[in-house]
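Trainee: According to our numbering, numbering within the sequence shown proceeds without interruption in unit steps and concludes at 412. Cβ coordinates follow ideal geometry from the N, Cα and C atoms, glycine included.
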Amino acid sequence: TERMKERSSRFDTLRHSLAGMIRSPKAMLGSSTSFFDVIPTSERPLADQEWYHGAIPRTEAQELLRQQGDFLVRESHGKPGEYVLSVFSDEQRRHFIIQYADSQYRFEGTGFSTIPQLIEHHFSTKQVITKKSGVVLLNPVVKDKKWILNHEDVTLGDLLGKGNFGEVFKGTLQRDKTPVAVKTCKEDLPPELKIRFLSEARILKQYDHPNIVKLIGVCTQRQPIYIVMELVPGGDFLSFLRKKKDELKTKQLVRFAVDAAAGMAYLESKNCIHRDLAARNCLVGEGSVLKISDFGMSRQEDDGVYSSSGLKQIPIKWTAPEALNYGRYSSESDVWSYGILLWETFSLGVCPYPGMTNQQAREQVEKGYRMACPQRCPDDVYKVMQRCWQYNPEDRPKFSELQRDLAAIKKK
1 TERMKERSSR FDTLRHSLAG MIRSPKAMLG SSTSFFDVIP TSERPLADQE WYHGAIPRTE
61 AQELLRQQGD FLVRESHGKP GEYVLSVFSD EQRRHFIIQY ADSQYRFEGT GFSTIPQLIE
121 HHFSTKQVIT KKSGVVLLNP VVKDKKWILN HEDVTLGDLL GKGNFGEVFK GTLQRDKTPV
181 AVKTCKEDLP PELKIRFLSE ARILKQYDHP NIVKLIGVCT QRQPIYIVME LVPGGDFLSF
241 LRKKKDELKT KQLVRFAVDA AAGMAYLESK NCIHRDLAAR NCLVGEGSVL KISDFGMSRQ
301 EDDGVYSSSG LKQIPIKWTA PEALNYGRYS SESDVWSYGI LLWETFSLGV CPYPGMTNQQ
361 AREQVEKGYR MACPQRCPDD VYKVMQRCWQ YNPEDRPKFS ELQRDLAAIK KK
């Protein structure tokens, strides 16, 4: 039936989610653009329509709607198989369920056999969505194809490891034989983890810095979905420290610290809060360049502050007191975590607060305890560490200061 054709599979829902969530802010088209310049013929399936964003969350849809008449269609998160038109109208984001009855899709009044035909009708005639709302469709919000790859564009190689969301493989980009890392998403992930998987690609596409791992693209045409990233050959920093501990000189450790501070200063300038900074989430690239990775918990906030409730999957020993106590995350809480990363670096991969459980470490920190200087750590680097562990967030240094101070130490 026509309705069955319109329904995406669970995989289709996720793949269109990803394509929608990485839409570029520049992909907004004015009302002067012809409908057929923007939207493929209405005879094509819903999934192929550029204004169809899959099952992106309502909050994500609202962020994409910025001008009068901006619109997109998405699948309802709460009711898979039900479709919603989201529109910006009169300074409000409005959401209309697309009704389906008697093999016809409609808002009110005239029905059509497919959703693309329904949207084409309202876009081209400027007929209001409902008489009560007076909402008119002006600007389709389309997906950015820059980041979309086909599965055939990537050849998978060896398994590199397993992450929170699925497996990570070494791969090759066919067009120029570039080595890549490919993250895959498990189908049976809980919804909140799927959103985190998608948000990592959405965040990374905005950034370009030598100390931040680079996004190359996403493969969304069939399962499993891939996030394709630059391959960082040295692997994760924690394993690197433990494996090379007898070879690493203090000057090299300071250089790693400078790299991490530079990457985090860049994120700080973008109001991006990482929330999971640790040696395990950094990578070592060619020339022993350290790169910040794993943005699954990251948030980009206009005011640089993110509030969270609950302690689910929180890395206790790396997390600042105000984040543990009040769910308050900021660049300042990332600075605390950076202090722990410094300690991991100069202890050559020892787990923080050795001999303590998470709860014991948390209690001791509240009482004023701070870890001692690692054996290989210069005194001036330990002083930097201690500044990162100031109890009051406002007393901690900015990442830009940390980068400057550690670069000066490196030159000594």
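1) Going by C-alpha to C-alpha distance, which of Gly109, Leu342, Ser103 and Val136 sits closest to Leu72?
2) What are the uninterrupted segments assigned as beta strand (DSSP E) that are 3 or more residues long and contained completely in the segment 157-244, given in chain order?
3) What does the Cβ neighbour count give for Thr345, buried or exposed, with the cut at 16 atoms within 10 Å?
4) Determine the contact status of Val168 and Ile409, defining contact as a CB-CB distance below 8 Å.
5) Exposed or buried, which one is Ile97 when buried takes at least 16 other CB atoms within 10 Å?
6) Relative to the C-alpha of Val213, which residue among Gly54, Val180 and Leu324 is closest?
7) Would you list the one or two residues that DSSP bridges to Pro140?
8) Going by CA-CA distance only, name the one from His122, Gln117, Ser133 and Ile225 that's closest to Gln49.
9) Is it the case that the Cβ atoms of Leu215 and Lys170 are separated by a distance below 8 Å?
10) Tell me whether the segment 274-286 and the segment 366-382 touch, counting them as touching only if at least three CB pairs, one residue from each stretch, are closer than 8 Å.
11) For a test of the three-state rule: what should DSSP assign to Val381, helix, strand or coil?
12) Beta-carbon separation of Arg299 and Ile316 under 8 Å?
13) Would you report the Cα separation of Ala361 and Gly166, rounded to the nearest angstrom?
14) Run the CB neighbour count on Asp395, radius 10 Å, all protein chains shown included, and call it buried at 16 or more, exposed below.
15) Tell me whether Gly161 is buried or exposed, calling it buried when 16 or more other Cβ atoms sit within 10 Å of its Cβ.
16) Where does Thr155 fall in DSSP's three states?
17) State buried or exposed for Asn211, treating a residue as buried only when at least 16 other CB atoms are found within 10 Å of its CB.
18) Let me know the secondary structure DSSP gives Leu311 once reduced to three states.
19) With respect to the beta strand (DSSP E) encompassing Ala414, which residues constitute its N-terminal and C-terminal limits?
20) In three-state DSSP terms, what is Leu406?
21) Alpha carbon to alpha carbon, how far is Asp102 from His95?
22) Where does the unbroken alpha helix (DSSP H) through Leu342 begin, and where does it stop?
Mentor: Quick answer:
1) Taking the sequence shown and counting its residues from 1, the one referred to as residue 72 is at position 72. Nearest of Gly109, Leu342, Ser103 and Val136 to Leu72, Cα basis: Val136.
2) 167-173, 178-184, 215-219 and 226-230
3) Residue 345 sits at position 345 when you count from the first residue of the sequence shown. By the neighbour-count rule (16 or more Cβ atoms within 10 Å), Thr345 is buried.
4) Here residue 168 is taken as the residue at index 168 of the sequence shown, counted from 1. Here residue 409 is taken as the residue at index 409 of the sequence shown, counted from 1. Not a contact, by the Cβ cut-off of 8 Å.
5) Walking along the sequence shown from the start, residue 97 turns up at place 97. Label assigned to Ile97: exposed.
6) Along the sequence shown, one-based indexing puts residue 213 at 213. Nearest C-alpha to Val213: Val180.
7) By one-based count along the sequence shown, residue 140 stands at place 140. Beta-bridge pairing links Pro140 to Phe71.
8) Here residue 49 is taken as the residue at index 49 of the sequence shown, counted from 1. Considering only alpha carbons, the answer is Gln117.
9) Numbered from its first residue, the sequence shown carries residue 215 at position 215. Numbered from its first residue, the sequence shown carries residue 170 at position 170. Not in contact: Leu215 and Lys170 (Cβ atoms no closer than 8 Å).
10) no
11) Position 381 of the sequence shown, counted from the first residue, corresponds to residue 381. Three-state result, Val381: helix.
12) Stepping through the sequence shown from its first residue, residue 299 is reached at position 299. Stepping through the sequence shown from its first residue, residue 316 is reached at position 316. No.
13) Taking the sequence shown and counting its residues from 1, one reaches residue 361 at position 361. Taking the sequence shown and counting its residues from 1, one reaches residue 166 at position 166. Roughly 30 Å separates the two Cα atoms.
14) The residue labelled residue 395 in the question sits at position 395 within the sequence shown. Exposed.
15) Reading the sequence shown from its first residue, position 161 is the one you call residue 161. Looking at its Cβ environment, which holds fewer than 16 other Cβ atoms inside 10 Å, Gly161 is exposed.
16) Position 155 of the sequence shown holds residue 155. In the structure shown, Thr155 sits in a strand (DSSP, three-state: E or B).
17) Position 211 of the sequence shown, counted from the first residue, corresponds to residue 211. Classification of Asn211: buried, given that the 10 Å Cβ count is 16 or more.
18) Start at 1 with the first residue of the sequence shown, and residue 311 comes out as number 311. Here the model assigns Leu311 a pLDDT of 45, short of 50, so the residue's position is not dependable, and the following value carries that caveat. Of the three classes helix, strand and coil, the one that applies to Leu311 here is coil, per DSSP.
19) Only positions 1 to 412 of the chain appear in this structure, which leaves residue 414 out of reach.
20) Along the sequence shown, one-based indexing puts residue 406 at 406. DSSP places Leu406 in helix when its eight states are reduced to three.
21) Here residue 102 refers to the residue found at position 102 of the sequence shown. Here residue 95 refers to the residue found at position 95 of the sequence shown. Looking at the two C-alpha atoms, the distance is approximately 23 Å.
22) Within the sequence shown, numbered from 1, the residue matching residue 342 stands at position 342. Per DSSP, Leu342 belongs to the alpha helix (DSSP H) from Ser331 to Phe346.
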